[in-house]
Amino acid sequence: MTRSSFNQGWIVRPKTSIYGQLQGGGSEGTAVTLPHDAIRTLPRSADCTEGSRTGFSPGGVFEYTKSFDVPQEYRQQRVSVEFQGVHRDAMVFVNGAFAAQRPFGYSTFTVNLGPFLKYGETNTIRVDARSHEDSRWYTGAGITRDTFLLVTQLIHLETNGVAITTPDVDAERAVVEVAVTVTNDSLTTETVTTDSEIRDAKGTVVARGSAPVTLSPGASATTRHRLYVLEPALWSVDEPNLYTAVVSVRDVTDLFDERDVDFGIRSLKLDPMHGLRINGSTVKLRGACIHADNGLLGAAVIGRAEERRIELLKAAGFNAIRSAHNPISQPMLEACDRVGMLVMDETFDMWADGKASFDYSLSFPEWWERDVQAMVAKNFNHPSVIFYSIGNEIPETGTPLGSEWGRRLAEKVRALDGTRYVTNGINGFVSVLPDVTAMMKQRSSDTQTGGVNDAMNAGDLMNQISASPLVTAKTEESFSVLDVAGMNYGDSRYVLDRELFPNRVIVGTETFPPHIGSNWKLVEQNPHVLGDFTWTGWDYLGEAGAGRIQYVDQGNPTFEAPYPWFTAWTGDLDITGNRRPISYYRETVFGLRQKPYIAVHRPENYGRPALQGQWAWSDSISSWTWPVSPETPIKVEVYSGADEIELILNGDSVGRLPAGRENSYMALFDLHYSPGELVAVAYSGGEEQARTALRTAGDVAILSAVPDRTEINADDSDLIYIAIALQDQAGTITPTSDRVVTVQVDGAALLQGLGSGRPDTEERFDGPSCTTFNGRALAIIRPCGPGSITATITAEELEPVIVNAAAVAPRTGPEVPSTRQLVS
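As numbered in my numbering, residues 828 to 1651 make up the sequence shown, in order.
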């Protein structure tokens, strides 16, 4: 099979009906390289009907078209296009004829082009995509994930025709079973041979096997190779060792098809006594929920963006992600395999009972099985995937017939893949929502707020309801169909269920970020609780302002923030990948950070009574640079697992306060601002353990621009990230003197995105300029082909910075021709 990128050469335009086209309507369109998000470039507005749910971004209907040549020799081959995700309600037309559809925006699907092609001519393909009130957050719209052109011989491996399992693993050897599915689209019965070679990271063949298979015309068959790898290098988070299976199908003279599949060897065990064991060792899940968007790139899933997110999340202390609330992309799965990150992949945010006016619930009854199949097929060979989640906060989970739906989904997953565990992010509050409507209405009238999220913002209420006998009874069947009871905001059940359901294994599928101190203690003390997945590890577009601080003097609190808020502001990392203070707090709670961390509240808010929601952290940054007069009162948080923290300002001790687990890993100081040096010293047992210092920055003197790499692949999956910062002469970032920066890109690349982590901005991400936030911004460069790249970054009154880089042609392996002679 030849598999080549189909991402180049597309034109996108707003969809116009055929009658509108006859009247001269419609635009010429814009040339784009996929993956692409058509919503990202549209203007946001306070009047947008989607409101804060999508970050005040509009919906729309879009048409993608592409012309491509089809040679005559393809007439005796099979030609198809793989779409890894089109959001949403995709309709595919080839040479004007309907070819396929896919309502769900996150499923991979393959379109057979054969019946529609004109061989030896130029052909056209059109994809219509739309997004309108179909989710509770920003989804973007368009062909948001990769596309590939697939060309195979008449005898070929199926698209997902290589499935690898490791059913029996020990230190001496590992059993590797390779299931190979072959299809015969020729007109004659053929006997062929399937071969498998297992190669280690160095390319050495460590096992091989083969099997003959006879195929009638139009038939498919599966052969199985049971192979043995001696002294296997096991895959784990800390040592993500990978092997490659080279699988082929041939006869005596010809090689018909060949595929390389990466996989890992590892074992999984699960019980309430030891929790989750990987390769025999118990692993506690330090989990991050993440949404599908890529911040400045919108919903476009570009390979390097996915990889960078995983690298930064792991560096921040996470060892697991939950793909909330839709199936994860293939590039992110590959990154998780390489980097070492565990994955909980999630199917849907709704089943038949919708959460938005035009969401996937309209298609769920007809399409759910095909979309579950697509998710499992995508995940099957990835060692990072250990859980399938069949839903998120599904209202039906509190009803008998809803539990029946859950059983169908769980059993479908198990029938397709019995090697992983099935869970469901069940929110007990949502499951019994009809029963607590009166309570919500009372709360709404008392506070002049309303809606599910407003009620959820009362954490104590959530916990009380989750632990109630009502929830116990109504969710028992829905939990019983699972291998692991996923609980959203249900930590009040962790200890309770140890007594009520002694065989129940639990994971916190979604939790309030500020609760990690108490939640992690529950995780550590209860072996039946596997871990905690915070909402969220990475900030995301939409649900704008869910994690913001509100103040009493601003009026009655609301869950939804007003325009121009764009991001949720709940992430440990902002949309550019910069770590926020809560990230360092979480790292401290996990026991991964020994140095104290200093977070300083913005002095302008000192003394203002705050209404801190359940998803909000303090409005603080790690800086001792503030444009206020000396002696201005200021509040300082110091995070540490040590017994005590001493705070020292310009050589004078401010005081010493307890920290560590018994004090929620935080010492909170009130002092008066004075420029200079602020030092936090951690003590345990009276002995100094570590110290951290912040220094006041001078005036902005330096524009810094640091690329993550200066050589990249000249393809549509790679990117350069340039971290931009305003610094003083000593290199200290100056966070209170933000200014506009401009980026110009010349050479074999373009500026794909530019912006900051600011959550309430009106600035676009597709322009040449942006304003820094806390002294930082981020530029994203995308190659257009091989060649040199120059990025010039400028800001008023500062010396420009020039970043030089190069895009090089990626190395590619040989393609399999139509008939390749085998050497005996």
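Don't be surprised by glycine CBs; every beta carbon is placed ideally from N, CA and C. This structure is a prediction, so every number in the text was calculated from the model and none was measured.
Exposure of residue i, with buried meaning 16 or more beta-carbon neighbours within 10 Å
{"i": "Y846", "result": "exposed"}
{"i": "N1477", "result": "exposed"}
{"i": "R957", "result": "buried"}
{"i": "K893", "result": "buried"}
{"i": "E1337", "result": "buried"}
{"i": "A968", "result": "buried"}
{"i": "V1032", "result": "exposed"}
{"i": "M1202", "result": "buried"}
{"i": "H1713", "result": "Residue 1713 lies beyond the stretch modelled for the chain, which goes from 828 to 1651, so this question has no answer here."}
{"i": "R1536", "result": "exposed"}
{"i": "P1067", "result": "buried"}
{"i": "R880", "result": "buried"}
{"i": "S1293", "result": "buried"}
{"i": "A873", "result": "exposed"}
{"i": "G1558", "result": "exposed"}
{"i": "I1629", "result": "exposed"}
{"i": "M1168", "result": "buried"}
{"i": "D1324", "result": "buried"}
{"i": "N834", "result": "buried"}
{"i": "D1084", "result": "buried"}
{"i": "M1159", "result": "buried"}
{"i": "S1230", "result": "buried"}
{"i": "N1290", "result": "buried"}
Which listed residue (the options) has its alpha carbon closest to that of residue i
{"i": "E1624", "options": "L1530, A1606 and V1572", "result": "L1530"}
{"i": "S1564", "options": "I1547, Q1579, D1542 and N1601", "result": "N1601"}
{"i": "R1420", "options": "K1182, G1468, E877 and A917", "result": "G1468"}
{"i": "V1007", "options": "I1343, D997, S1491 and N987", "result": "N987"}
{"i": "I1213", "options": "S1188, Y1187, Y1248 and L1236", "result": "Y1248"}
{"i": "A1606", "options": "G1612, Y1215 and T1619", "result": "T1619"}
{"i": "D1543", "options": "Q1516, R905, L1577 and I1560", "result": "L1577"}
{"i": "G1513", "options": "D1078, A1486, L1140 and Q899", "result": "A1486"}
{"i": "W1396", "options": "V1056, P870, G932 and W964", "result": "W964"}
{"i": "S1511", "options": "V1128, P1534, E1473 and G1440", "result": "E1473"}
{"i": "A917", "options": "Q911, E909 and Q928", "result": "Q928"}
{"i": "F1328", "options": "N1251, A1312, F1339 and T1415", "result": "A1312"}
{"i": "I866", "options": "S1188, D1120 and V1257", "result": "D1120"}
{"i": "S831", "options": "T974, Q903 and E900", "result": "T974"}
{"i": "I1402", "options": "W1451, G1584, I1448 and P1460", "result": "G1584"}
{"i": "A1636", "options": "G1612, M1177 and I1425", "result": "G1612"}
{"i": "V954", "options": "F925, Y933 and G947", "result": "F925"}
{"i": "Y1316", "options": "G886, V1257, S934 and A1028", "result": "V1257"}
{"i": "Q1554", "options": "A1575, V1527 and Q1571", "result": "V1527"}
{"i": "V908", "options": "Y933, F931, V938 and Q899", "result": "V938"}
{"i": "A998", "options": "A1060, G1036, V1019 and N1219", "result": "A1060"}
Residue i CB to nearest heavy atom of the ligand GTP below 6 Å
{"i": "A1242", "result": "In the structure shown, the ligand GTP is absent, as is every other ligand, since no ligand is present at all."}
Residues bridged to residue i (per DSSP)
{"i": "Y1548", "result": "I1607"}
{"i": "F925", "result": "F920"}
{"i": "K893", "result": "W837 and I952"}
{"i": "N1353", "result": "Beta-bridge pairing links N1353 to no other residue."}
{"i": "Q1554", "result": "I1529 and I1560"}
{"i": "M1314", "result": "I1253"}
{"i": "K1096", "result": "R1104"}
{"i": "S1596", "result": "T1569"}
{"i": "R1026", "result": "V1032 and T1071"}
{"i": "T1299", "result": "In DSSP, T1299 forms no bridge with anything."}
{"i": "W1062", "result": "P1067"}
{"i": "R1053", "result": "E1004"}
{"i": "F910", "result": "F936 and T974"}
Cβ distance (whole Å) where residue i is taken to contact residue j below 8 Å
{"i": "A1632", "j": "I1551", "result": "No, A1632 and I1551 are not in contact; Cβ-Cβ is about 15 Å, not under 8 Å."}
{"i": "E1504", "j": "R1522", "result": "5 Å"}
{"i": "S844", "j": "D1186", "result": "Not a contact, Cβ separation roughly 24 Å."}
{"i": "T1361", "j": "I1376", "result": "18 Å between Cβ atoms; not a contact."}
{"i": "S1150", "j": "D1172", "result": "5 Å"}
{"i": "T1394", "j": "A1371", "result": "7 Å"}
{"i": "V1002", "j": "R1051", "result": "The Cβ separation is near 11 Å, so there is no contact."}
{"i": "T1299", "j": "C1116", "result": "At roughly 25 Å, the Cβ-Cβ gap does not stay under 8 Å, so T1299 and C1116 are not in contact."}
List, from N- to C-terminal side, the alpha helix (DSSP H) runs of 4 residues or more that fit wholly inside the region 1163–1245.
1191–1206 and 1227–1243
>> Report the start-end ranges of each beta strand (DSSP E) in the region 1464–1522 that is 3 residues or longer and not cut off at the edges.
In response: 1471–1476, 1479–1485, 1493–1499, 1504–1511 and 1514–1522
Start-end ranges of the beta strand (DSSP E) lying completely within the region 1334–1416, minimum 3 residues: 1356–1361 and 1376–1378
Quiz prompt | Continuous beta strand (DSSP E) assignments of at least 3 residues falling wholly in the region 1139–1163 | solution = 1147–1150
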